[in-house]
Amino acid sequence: CHSCPLDQYSSHSGACECLSCGAGSEVNSGQDGCQLCDPGEFSADNGSCQLCQGNEFSTHSGATQCDSCDCGTQPNFAFTFCRECTRSFFSSGNGVCQLCPRNQYSSHDGACECNTCGPGSEANNARNGCQLCDPGEFNPISGGFCQNCPTNEFSSHSGATSCDT
């Protein structure tokens, strides 16, 4: 008889046959039985438990595969559940909450995409809403930025889409 390979076990001392664990489990550290994969891990076939990757998670012990997080979410650090992206962030389903681009915003948790502000406004610095252009500034398009009025032109009110002469 011989020692079993690391991915197999023997059920009792002196056994000459090595056994494999089934899907959702792996050989325990004493190589005398199987243990279920922990939440956040999986084992698709006979072998070892692996961490879920990317936008995937597993909630229970003994998982044979990981599930994918929906848009607007990302896995927690332990890959055991999906958590919503917070305001100002979004996830298109790739498993990573990203800050909205500079000229866009997200006003609620769990956003799958960011929104653009209308003419006369721009996304605020926190990227969680819109703010009107200040007097002396204008923005003629959706998704644009407030800019200073050209020389010899002005806007006397907030939210201007053009400047006056």
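Each residue of the sequence shown is one higher than the last, beginning at 1 in this note's numbering.
Idealized CB from N, CA, C, for every residue including glycine.
Distance between residue j and residue i (C-alpha atoms, nearest Å)
{"i": "C21", "j": "Y9", "result": "8 Å"}
{"i": "S3", "j": "C34", "result": "16 Å"}
{"i": "S58", "j": "N94", "result": "16 Å"}
{"i": "C72", "j": "S92", "result": "Note that residue 72 is Gly in the sequence shown here, rather than Cys. Distance between the alpha carbons of G72 and S92: 6 Å."}
{"i": "G30", "j": "A123", "result": "58 Å"}
{"i": "P135", "j": "E113", "result": "30 Å"}
{"i": "S162", "j": "H108", "result": "30 Å"}
Endpoints, beta strand (DSSP E) assigned at residue i
{"i": "L132", "result": "C130 to L132"}
{"i": "L36", "result": "C34 to L36"}
{"i": "R102", "result": "That residue, R102, is in no beta strand (DSSP E); it is neither H nor E in DSSP."}
{"i": "E17", "result": "Run containing E17: none; DSSP gives neither H nor E here."}
{"i": "P75", "result": "T73 to P75"}
{"i": "P25", "result": "It is worth fixing the name first, because residue 25 is Ser in this sequence and not Pro. Its beta strand (DSSP E) spans residues S25 to V27."}
{"i": "R87", "result": "Per DSSP, R87 belongs to no beta strand (DSSP E) and is neither H nor E."}
Rounded distance between the beta-carbons of residue j and residue i, thought under 8 Å
{"i": "N115", "j": "R87", "result": "Contact doesn't hold; Cβ gap of about 12 Å is too wide."}
{"i": "Q74", "j": "C66", "result": "Actually they do not touch by this definition, with Cβ atoms about 14 Å apart."}
{"i": "C133", "j": "S106", "result": "About 21 Å separates the two Cβ atoms, so there is no contact after all."}
{"i": "S61", "j": "C37", "result": "7 Å"}
{"i": "C52", "j": "F81", "result": "No, C52 and F81 are not in contact; Cβ-Cβ is about 11 Å, not under 8 Å."}
Sheet register partners of residue i (DSSP bridge)
{"i": "A123", "result": "C130"}
{"i": "C66", "result": "According to DSSP, C66 bridges with nothing at all."}
{"i": "E137", "result": "N148"}
{"i": "F42", "result": "Q50"}
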